[in-house]
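Trainee: So the protein sequences, as listed, match chains A and B.
Residue numbers for the first sequence follow our numbering, beginning at 381 and rising by one.
Residue numbers for the second sequence follow our numbering, beginning at 353 and rising by one.
Glycine residues also receive a C-beta, built at the ideal position from the N, C-alpha and C atoms.
My questions will all concern the structure given below.
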Amino acid sequence: MYKKIFIEPLFKNNPVSVLVLGICSALAVTVKLEPALVMALSVTIVMGFSNAIISSLRNTIPNRIRIIVQLVVVAMLVILVDQVLKAFAYEVSKQLSVFVGLIITNCIIMGRIEAFALANKPLPSLIDGIANGLGYGIILVAVAFFRELFGSGSLMGYQLIPASWYIKNGGFYENNGLFILPPMALILVGVFIWVQRSIQKELIEK
Amino acid sequence: MNTNNNLYTIIYATIMVVVVAVILAFASSLLKERQQRNVEIERKEMILRSVQLGADQAARANDKDSYIEAEYAKYIKDSSINEQGRDLTLYICTIENGERFYIIPLKGVGLWGPVWGYISLKGDFNTVYGATFDHKSETPGLGAEITTPAFYNQFENKKIFDNSGNYVSVLVVKGGADASNPHEVDAISGGTITSKAVEEMLFKNIKDYTTFFAAKLKEAEERAAQAALQMQQSDSTAVTPALQVNIQ
């Protein structure tokens, strides 16, 4: 059962490409691969813990302030992640800048708390949170891979396309500027959804 | 237990907020020292980069923090000048051969947030030796490119005064600057607002120092002339000493 909770969000029930949640940050942090990786890791950690904490409190939370309690817990975890990044991974935290703070508003986190953690025990909730974070991360990294490769000609900051290929150095190649701009992330996510739907026919609406 | 009771809800919310506040305050006080150190190291690294120091990859990989600290202590002296009642920071860098560079801190407003940087001038207070920039939240891949060597290396050997001594600063030009023009560098495609912000930041910040620079240059010229005069009186074959500028 745990295995199913873990495997499903990675592809079959992916939060980005199937549930279409968390698109906003998928557009913002995927210009380069490195911030995308750190963002994916941060979201995974925040989602795992927030799911586990809310799940262990689920029988005590007053229903009327349910959303507020969830927000406070998520916000606390996000601030902790932000502080830890600032202390131990300063360069990366600078690149992510405001986006770490925006994890609070990442729809996947609230979505999983509402849909899963409030109705399940802490351990399965923890696994569900981590798996959804990873599912989100897979899409993020895939989008960032294409955007950095075609938009900047590099991966993880290492130049892959030889400098002599570029037109300005007398070559024939030029980076595709569209890949750097946010609309390309949306197009790429759209392509992923298309690919997934052509594999999983049951997702196609009648 | 009835969790919908008003009293229960209020108590629950209060306890939760207090607990969260304690956890966050504790984490913040625990990590504060390290965070401040990171900020300080970054500032020193930028100042060193503006005079093309602190770039030894091997030493950086080994222990970046103490390497930067040591280099900073070795070359850079914090100093300030008083200009019309205002204290202006001016860092002075002295390298091995005795040559001095004057580093001006820059602060400006970008598209989404603050931009800042450092620019170093050679002893003639005119030629740019190096520059470096950073930003809070410019667009990655566009405005954020001001932090890349491809952008800031362009500033090397540019001049802030024109031939007749008027202050013109260095302009960031859209659509390709002429590399031989001493007052222009290329802007970043797609990052026009950030590029213009850098231009404005350079102009405004360096301007505050120009009267000081002019005074120093004049002083140095007078000193050189005087020295030359003395030399002539004592020994007519002596070579005129090189123009020297010194500030403490």
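1) Decide yes or no for the touch test of the region 394-413 of chain A against the region 520-530 of chain A: beta carbon pairs closer than 8 Å, at least 3 of them.
2) Are the C-beta atoms of Val569(A) and some chain B residue less than 8 Å apart?
3) Inspect the CB distances between the region 479-491 of chain B and the region 501-517 of chain B and report whether three or more fall short of 8 Å.
4) Give a yes or no on whether the minimum CB-CB distance between Arg412(B) and chain A is below 8 Å.
5) Determine the DSSP secondary structure at Asp417(B), reduced to helix, strand or coil.
6) Cβ atoms of Ser422(A) and Val396(A): under 8 Å apart, would you say?
7) Judging by CA-CA distance, which residue of Val400(A), Ile385(A) and Glu388(A) is the nearest neighbour of Leu520(A)?
8) Quick test of your reading: Leu569(B) and Phe477(B), contact by CB under 8 Å. State the CB separation rounded to the nearest angstrom.
9) Just verifying my parser: in three-state terms, what is the DSSP assignment at Thr499(B)?
10) Have a look at Ser381(B) and Phe513(B) and give me their C-alpha separation to the nearest angstrom.
11) Contact criterion: CB-CB distance below 8 Å. Does Leu383(B) meet it with respect to chain A?
12) Between Gly537(A) and chain B, is there a C-beta pair that is closer than 8 Å?
13) Going by CA-CA distance only, name the one from Ile445(A), Leu482(A) and Ala499(A) that's closest to Thr355(B).
14) For Val569(A), which of Phe479(A), Ser534(A), Ser532(A) and Gly402(A) has the nearest alpha-carbon?
15) Can you pull the chain B neighbours of Gly444(A), defined as C-beta to C-beta under 7 Å?
16) Let me make sure I understand the geometry here. Which of Arg575(B), Ser489(B), Gly475(B) and Ala529(B) has the alpha-carbon closest to that of Val480(A)?
17) At a Cβ threshold of 8 Å, is Glu394(B) touching chain A?
18) If you count every other CB in all the chains shown that lies within 10 Å of the CB of Asn358(B), and 16 or more means buried, which is it?
19) Determine the chain A residues that contact Asn478(B) at a beta-carbon separation under 9 Å, and present them in chain order.
20) Compute the beta-carbon to beta-carbon distance between Val467(B) and Thr562(B), rounded to the nearest angstrom, for a pair I have assumed lies under 8 Å.
21) In chain order, what residues of the same chain have a beta carbon less than 8 Å from the beta carbon of Lys429(B), not counting five sequence neighbours either side?
22) Could you give the DSSP three-state label for Thr441(B): helix, strand or coil?
23) Among Ile362(B), Arg452(B), Tyr454(B) and Glu435(B), which has the Cα closest to the Cα of Pro442(A)?
24) Cα separation between Lys384(B) and Ala467(A)?
25) What does a CB cutoff of less than 6 Å around Pro562(A) pick up in its chain, not counting 5 residues either side in sequence?
26) Can you grab the Cα-Cα spacing for the pair Glu423(B) / Arg492(A), in whole Å?
27) Please confirm whether Cys487(A) has its beta-carbon closer than 8 Å to some beta-carbon of chain B.
28) From what residue to what residue does the alpha helix (DSSP H) around Pro415(A) run?
29) Are the beta-carbon atoms of Gly515(A) and Asn431(A) separated by less than 8 Å?
Mentor: Per the coordinate set shown:
1) yes
2) Looking up residue 569(A) in the first sequence gives position 189. Answer no: the Cβ-Cβ gap between Val569(A) and chain B never drops below 8 Å.
3) yes
4) Working through the second sequence from its first residue, we reach residue 412(B) at position 60. No, because no Cβ of chain A sits closer than 8 Å to the Cβ of Arg412(B).
5) Your numbering for residue 417(B) matches position 65 in the second sequence. Looking at Asp417(B) - three-state DSSP - the assignment turns out to be helix.
6) On the first sequence, residue 396(A) is found 16 positions in, with the first residue counted as 1. On the first sequence, residue 422(A) is found 42 positions in, with the first residue counted as 1. Contact flag unset, no.
7) As a first step, residue 520(A) must be located in the first sequence, where it is residue number 140. Closest by alpha carbon: Val400(A).
8) In the second sequence, residue 569(B) corresponds to position 217, counting from 1. In the second sequence, residue 477(B) corresponds to position 125, counting from 1. About 6 Å separates the two Cβ atoms, so the contact holds.
9) Taking the second sequence and counting its residues from 1, one reaches residue 499(B) at position 147. Helix at Thr499(B).
10) For the purposes of this step, residue 381(B) is identified with residue 29 of the second sequence, where counting begins at 1. For the purposes of this step, residue 513(B) is identified with residue 161 of the second sequence, where counting begins at 1. Each residue's alpha carbon lies about 48 Å from the other.
11) By 1-based counting over the second sequence, the position of residue 383(B) is 31. Closer than 8 Å to some Cβ of chain A, the Cβ of Leu383(B) qualifies, so yes.
12) Walking along the first sequence from the start, residue 537(A) turns up at place 157. Cβ-Cβ to chain B under 8 Å: no for Gly537(A).
13) On the second sequence, residue 355(B) is found 3 positions in, with the first residue counted as 1. Checked all of Ile445(A), Leu482(A) and Ala499(A); the closest Cα to Thr355(B) is Ile445(A).
14) By 1-based counting over the first sequence, the position of residue 569(A) is 189. Looking at the Cα atoms, Gly402(A) is the closest of the given residues.
15) Taking the first sequence and counting its residues from 1, the one referred to as residue 444(A) is at position 64. The sequence given here places Arg at residue 444(A); Gly does not occur at that position. Going along chain B in sequence order, the residues near Arg444(A) (Cβ under 7 Å) are Asn356 and Thr361.
16) Here residue 480(A) refers to the residue found at position 100 when the first sequence is read from its first residue. Of the listed residues, the one whose Cα sits closest to Val480(A) is Ser489(B).
17) Taking the second sequence and counting its residues from 1, one reaches residue 394(B) at position 42. Yes, its Cβ sits closer than 8 Å to a Cβ of chain A.
18) Reading the second sequence from its first residue, position 6 is the one you call residue 358(B). Exposed is the call here.
19) For the purposes of this step, residue 478(B) is taken as residue 126 along the second sequence, with counting starting at 1. Within chain A, no residue comes near Asn478(B); the closest Cβ sits about 30 Å away, beyond 9 Å.
20) Locating residue 467(B) in the second sequence gives position 115, counting from the first residue. Locating residue 562(B) in the second sequence gives position 210, counting from the first residue. The Cβ separation is near 21 Å, so there is no contact.
21) For the purposes of this step, residue 429(B) is identified with residue 77 of the second sequence, where counting begins at 1. Excluding positions up to five away in sequence, the list reads Tyr443, Ile444, Cys445 and Thr446.
22) On the second sequence, residue 441(B) is found 89 positions in, with the first residue counted as 1. Correct three-state label for Thr441(B): strand.
23) On the first sequence, position 62 is the one that residue 442(A) refers to. The shortest C-alpha separation from Pro442(A) is found at Ile362(B).
24) Taking the first residue of the second sequence as position 1, residue 384(B) is located at position 32. Taking the first residue of the first sequence as position 1, residue 467(A) is located at position 87. Near 8 Å, if we compare the C-alpha coordinates of Ala467(A) and Lys384(B).
25) Numbered from its first residue, the first sequence carries residue 562(A) at position 182. For Pro562(A), where only same-chain residues beyond five positions count, the Cβ hits under 6 Å are Leu407.
26) On the second sequence, position 71 is the one that residue 423(B) refers to. On the first sequence, position 112 is the one that residue 492(A) refers to. Computed Cα separation, rounded: 50 Å.
27) The count along the first sequence starts at 1 and reaches residue 487(A) at position 107. No - not a single Cβ of chain B is within 8 Å of the one on Cys487(A).
28) Numbered from its first residue, the first sequence carries residue 415(A) at position 35. It spans Leu413 to Leu437 - the alpha helix (DSSP H) in which Pro415(A) sits, taken as one unbroken run.
29) Numbered from its first residue, the first sequence carries residue 515(A) at position 135. Numbered from its first residue, the first sequence carries residue 431(A) at position 51. For Gly515(A) and Asn431(A), no; Cβs fall outside 8 Å.
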